[in-house]
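**Q**
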Amino acid sequence: MTIWVDAVPEDPQPFTYTRPGTEEPPFELDDDPADETLPNHMTFEGLAAGQHSFEQAAVDGWSLTDVACQGDEGVLIGTDEVFDAGDSLVVLTIDGGESIDCWFTNEPTGGKTSQRITSAQPGGPTILGPNGITGGDVSIDFEAAHPTSYDHTTGEGGGTHAGSVESLEGGDFQCGDHVIFLTHVAIDSGASGTGTIEIDHSFATKTTSGGLIGFVDVLEVEINADPANVLSGNESVSFTETNTANAVLATVQVSGLDHGEVIVLRLEVLLGCNAASATGNIHSEVTGARVVAPVQDTINVGNQTVPLKSAGEIRNAVLTIQKDAVPNSSTDFEFEPGGAFGTEPNFFLDDDNDATLPRFKDFAGLTPGQTYTVDEVSIPAGWSLTDITCTGQVSSTVTETATGVSVTPAPDEHITCTFTDSQAASSITIEKDAIPDSDQPFTFDPGGDFGAEPNFDLTDDATPGLPSKAFTNLSPGDY
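Numbering (the numbering used here), first residue to last: 1 to 479.
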C-alpha cells in the first residue's frame, strides 16, 4: 500500500497522515521535488489481509480537493467510493497479493499563490551586450483558457486572460480534444531596452497515478488575440518541442519585447488517451524561464501548475477487439486496422492461458465521428471465421462485415467486438483391404483419446468397395 501526496502547486508544506485503529505513529509527506527532507509517498509492505485505514490531518491554508485510489475495488473514501468535500479517510480491504496506490491532492484554500513573482538572479544579470530587460523586469502568469471559450475539436477561439482559469475538470473534455493554455508575460515599464526571453512549459503525458491519459503534442504557439495585449509590433514567437516518457516539453521563445509590454501567449495542446480509463490528475506547468538576449538572466516563475482534475471523467471512445477460438487454442490470429487508424500496424491475438499473446486489444482515445475498421486476415489453415459480435454501442455506428467490423464511435462509448474462429471438424476413417478378398473378420482396438470406444471388426469379402469405419467431429488430440 502506497500513500502519495500531490500538492497543487508543488510546495514544501508537510501533510500528516495517521492509521486509525492502530498504534502506528503518524508520518509526514510533502510535494517539494527540490527538497528531499520529506518524501512525497510512503509505502507499507507485507500488510496482513483485512481492513486498513489511512487519514490525512487538516492543514491550515490548504484544502484536500481529491482522493483517488487504484489497484483495489471497493475502496471507501469517507463513507462511499467517491470523494466528497470534507472526506479525509481512506478505508480499504486487502485480499492479499495486491498493490494499491492512493493519491491525496491538496490545494491552497485561496487558490494558486506566487503567480507573479519578479526577482533577478542572485548577483545580478550577466551582461553580454547593450543594456536590455533583466529577469527582474519580467512577470509570468500561467493559466488555462476557460473550457467554454473555444472549440475543443478544432482549437479555434481560446478565450482571454481575463476569463482564464487555474484548473480544469476532466468532465469538460474528451480524448482528442485541443486544450488551450495562456501564458501572460508582462515587462516592467521601467525596464531598459529590449530583450528576448524563453519560457519552459511541461504537459504531462500521464496522470498522477501513472494512467496513460495525458497530453501528447503541442500543436501551436502564437500570440493570443487578447485585450490584455500591449504590443509594439516587433514581437515574434517560436517554440521547440521535446517528447519524454512523462511529459511533452515546449520551450517558447519571445523576441522583440520592450518595456511596458504585455503579451498573452496561446498554447494549443492535444489531449490523448492510450488507456481505456485512468485515475488522478494531469499536470501542466511552467517549469522555468530566462532572459537570453541581450543579457542572460533568470526569471523567477514560482510554482505555476494547472491541473486537469479527475482524469477518469474524460470522455473516452474505446474499441476492444477480442478473440474467441473454438476450441481454445494458442494459434495466432492476425488483424489489420484500417480507416481512421491510418498507419496502425497489424496485431495478433490468441485464445489460451499463455501470456505470450493477449486475447484482446484496446484502442482508446478514438475520435468520435471518424470511421475505424478492423479485419481478420490470413486466417490459419484449418480455421474459419464463424462469427463477429459487437456490444456496447448506443449512439455509435457499427457494421459487421464478412471479415471484420467498421466502427464510427460516439463520445464516451466502449465498444467490444468479438471475433469467433472455429476449427474445422476432424475425422478419422479406417479401411480394410484383404488380398485376396476374404470373409475373415479383422478386429481393431481404438485407443488414446478415443477413450472407451469399443473394438470393431471389418471384413473385406467380395462385396464391392472397401469396408470402413469413420469417426467424425473429433476434438484435437492423439488417437
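Beta carbons are placed, not taken as given, at the ideal position from N, Cα and C, and that holds for glycine. Since this is a predicted model, take the numbers as computed values, not measurements.
Looking at the secondary structure, which residues open and close the beta strand (DSSP E) in which G365 lies?
**A** The sequence position of residue 365 within the sequence shown is 365, counting from 1. G365 -> beta strand (DSSP E) spans F360 to L366.
**Q** Less than 8 Å between the CB atoms is what I'm expecting for S468 and E431, so what's the real figure, rounded?
**A** Position 468 of the sequence shown, counting from 1, holds the residue named residue 468. Position 431 of the sequence shown, counting from 1, holds the residue named residue 431. About 4 Å separates the two Cβ atoms, so the contact holds.
**Q** Comparing C-alpha positions only, which one of V67, L212 and W62 sits nearest to F483?
**A** With the chain represented from 1 up to 479, any question about residue 483 goes unanswered, as that position is not in the structure.
**Q** Which two residues bound the contiguous beta strand (DSSP E) that contains H259?
**A** As a working mapping, residue 259 is identified with position 259 in the sequence shown. No beta strand (DSSP E) holds H259; DSSP gives it neither H nor E.
**Q** Quick one: what's got a C-beta closer than 8 Å to L29's C-beta in the same chain, skipping five residues either side?
**A** Position 29 of the sequence shown holds residue 29. Cβ within range, chain order: I3, W4, V5, P14, F15, Y17, L38, P39, N40, H41 and M42.
**Q** Closest to T339 by C-alpha separation, out of Q296, N229, S422 and T408, would be which residue?
**A** Locating residue 339 in the sequence shown gives position 339, counting from the first residue. Note that residue 339 corresponds to Gly in the displayed sequence, not to Thr. Answer by Cα proximity: T408.
**Q** Whose C-beta lies closer than 7 Å to the C-beta of G123 among residues of the same chain, with five residues either side of it excluded?
**A** Within the sequence shown, residue 123 is the residue found at index 123, counting from 1. Below a pLDDT of 50, predicted positions are generally treated as unreliable, and G123, at 40, falls in that range; the measurement from the model is reported next regardless. Closer than 7 Å at the Cβ level, and outside the excluded window around G123, lies no residue.
**Q** Three or more C-beta pairs closer than 8 Å, one from the region 303-310 and one from the region 322-336: is that the case here?
**A** At 8 Å Cβ cutoff, the stretches do not touch.
**Q** So the beta strand (DSSP E) Q296 belongs to, where does it begin and stop?
**A** In the sequence shown, counting from the first residue as 1, residue 296 sits at position 296. V295 to I299 is the span of the beta strand (DSSP E), which, as asked, contains Q296.
**Q** If F239 and V264 are in contact, beta carbons under 8 Å, what's the gap, nearest whole angstrom?
**A** For the purposes of this step, residue 239 is taken as residue 239 along the sequence shown, with counting starting at 1. For the purposes of this step, residue 264 is taken as residue 264 along the sequence shown, with counting starting at 1. Contact flag wrong, Cβ pair sits at about 15 Å.
**Q** Assuming K469 is part of the beta strand (DSSP E), what are its boundary residues?
**A** Counting from 1 along the sequence shown, the entry for residue 469 is found at position 469. Taken as a continuous stretch (DSSP letters only), the beta strand (DSSP E) holding K469 covers S468 to L474.
**Q** How many Å lie between S475 and S202 at the Cα?
**A** In the sequence shown, the residue the question calls residue 475 occupies position 475. In the sequence shown, the residue the question calls residue 202 occupies position 202. Cα-Cα distance, rounded: 58 Å.
**Q** Taking DSSP as the reference, what is the three-state secondary structure of T148?
**A** Locating residue 148 in the sequence shown gives position 148, where the first residue counts as 1. Three-state DSSP puts T148 in a helix.
**Q** Under the three-state reduction of DSSP, which class applies to F83: helix, strand or coil?
**A** Locating residue 83 in the sequence shown gives position 83, where the first residue counts as 1. Coil.
**Q** Starting from F203, follow its DSSP beta bridges and name the residues at the other end.
**A** Locating residue 203 in the sequence shown gives position 203, where the first residue counts as 1. DSSP, once it has assigned bridges, lists V248 and S284 as partnering F203.
**Q** With a threshold of 16 other CB atoms inside 10 Å of the CB of I314, please say whether the residue is buried or exposed.
**A** Here residue 314 refers to the residue found at position 314 of the sequence shown. Buried: at least 16 other Cβ atoms inside 10 Å.
**Q** On the criterion of 16 or more Cβ atoms from any shown chain inside 10 Å, does N455 qualify as buried, or is it exposed?
**A** Within the sequence shown, residue 455 is the residue found at index 455, counting from 1. Classification of N455: exposed, given that the 10 Å Cβ count is below 16.
**Q** Please state if the CB of L257 and the CB of I180 are separated by a distance shorter than 8 Å.
**A** For the purposes of this step, residue 180 is taken as the residue at position 180 of the sequence shown. For the purposes of this step, residue 257 is taken as the residue at position 257 of the sequence shown. It is not a contact, given that the beta carbons lie outside the stated cut-off.
**Q** Would you grab the beta carbon distance between K309 and N246 for me? Rounded to a whole angstrom, and I think it's under 8 Å.
**A** Counting from 1 along the sequence shown, the entry for residue 309 is found at position 309. Counting from 1 along the sequence shown, the entry for residue 246 is found at position 246. Wrong, their Cβ atoms sit about 18 Å apart, outside the cutoff.
**Q** So is A487 buried or exposed if we call it buried at 16+ other beta carbons inside 10 Å?
**A** The displayed coordinates of the chain run from 1 to 479. Any statement about residue 487 would go beyond what the structure contains.
**Q** From L76, S99, T148 and T418, pick the residue whose C-alpha is nearest to that of L89; which is it?
**A** The count along the sequence shown starts at 1 and reaches residue 89 at position 89. Answer by Cα proximity: L76.
**Q** Report the residue from D101, G404, H52 and N346 whose alpha carbon sits nearest the alpha carbon of G210.
**A** In the sequence shown, residue 210 corresponds to position 210, counting from 1. Checking every option, the nearest Cα to that of G210 belongs to D101.
**Q** Output needed for G71: all residues of its chain with C-beta closer than 7 Å, excluding positions within five of it in sequence on either side, in chain order.
**A** Taking the first residue of the sequence shown as 1, we reach residue 71 at position 71. Closer than 7 Å at Cβ, skipping near neighbours: E98, S99, I100 and D101.
**Q** Just reading off the beta strand (DSSP E) that D421 is part of, what are its end residues?
**A** Mapped onto the sequence shown, residue 421 falls at position 421. Where D421 is concerned, the enclosing beta strand (DSSP E) stretches over H414 to Q423.
**Q** Determine the extent of the beta strand (DSSP E) in which A68 is found, giving its start and end residues.
**A** Reading the sequence shown from its first residue, position 68 is the one you call residue 68. Here the beta strand (DSSP E) through A68 covers W62 to Q70.
**Q** Check this for me: beta carbons of V286 and I199, under 8 Å apart or not?
**A** As a first step, residue 286 must be located in the sequence shown, where it is residue number 286. As a first step, residue 199 must be located in the sequence shown, where it is residue number 199. Result yes, Cβ atoms of V286 and I199 sit closer than 8 Å.
**Q** Determine the DSSP secondary structure at E198, reduced to helix, strand or coil.
**A** As a working mapping, residue 198 is identified with position 198 in the sequence shown. Correct three-state label for E198: strand.
**Q** Using 8 Å as the threshold, is the C-beta distance between D95 and A48 below it?
**A** As a working note, residue 95 is residue 95 in the sequence shown. As a working note, residue 48 is residue 48 in the sequence shown. No, these two residues do not count as a Cβ contact at 8 Å.
**Q** Does DSSP classify P125 as helix, strand or coil?
**A** Working through the sequence shown from its first residue, we reach residue 125 at position 125. Reliability of the predicted coordinates at P125 is poor, the pLDDT of 43 falling under 50, and no value is obtained from them.
**Q** Throw me the rounded Cβ distance for the A145 and L182 pair, which I believe falls under 8 Å.
**A** In the sequence shown, the residue the question calls residue 145 occupies position 145. In the sequence shown, the residue the question calls residue 182 occupies position 182. Yes, they are in contact, since the Cβ atoms of A145 and L182 sit about 6 Å apart, within 8 Å.
**Q** Taking the alpha-carbon positions, what's the Q370 to A410 distance?
**A** Locating residue 370 in the sequence shown gives position 370, where the first residue counts as 1. Locating residue 410 in the sequence shown gives position 410, where the first residue counts as 1. Cα to Cα, the separation comes out at about 9 Å.
**Q** Can you give the Cα-Cα distance for A186 and V230, rounded to whole angstroms?
**A** Mapped onto the sequence shown, residue 186 falls at position 186. Mapped onto the sequence shown, residue 230 falls at position 230. Using only the alpha carbons, I get a separation of about 9 Å.
**Q** Determine the direct distance from the alpha carbon of N106 to that of G86, and round the result to whole angstroms.
**A** For this step, residue 86 is matched to residue 86 along the sequence shown. For this step, residue 106 is matched to residue 106 along the sequence shown. When rounded, the distance between both Cα atoms is 12 Å.
**Q** Any contact of the region 172-179 with the region 359-375, i.e. 3+ C-beta pairs under 8 Å?
**A** In short, these stretches touch, since the Cβ pair count reaches three.
**Q** If I measure Cβ to Cβ from D437 and keep anything under 7 Å in the same chain, skipping five residues before and after, which residues do I get?
**A** Within the sequence shown, residue 437 is the residue found at index 437, counting from 1. Correct list, in chain order: D460, D461 and A462.
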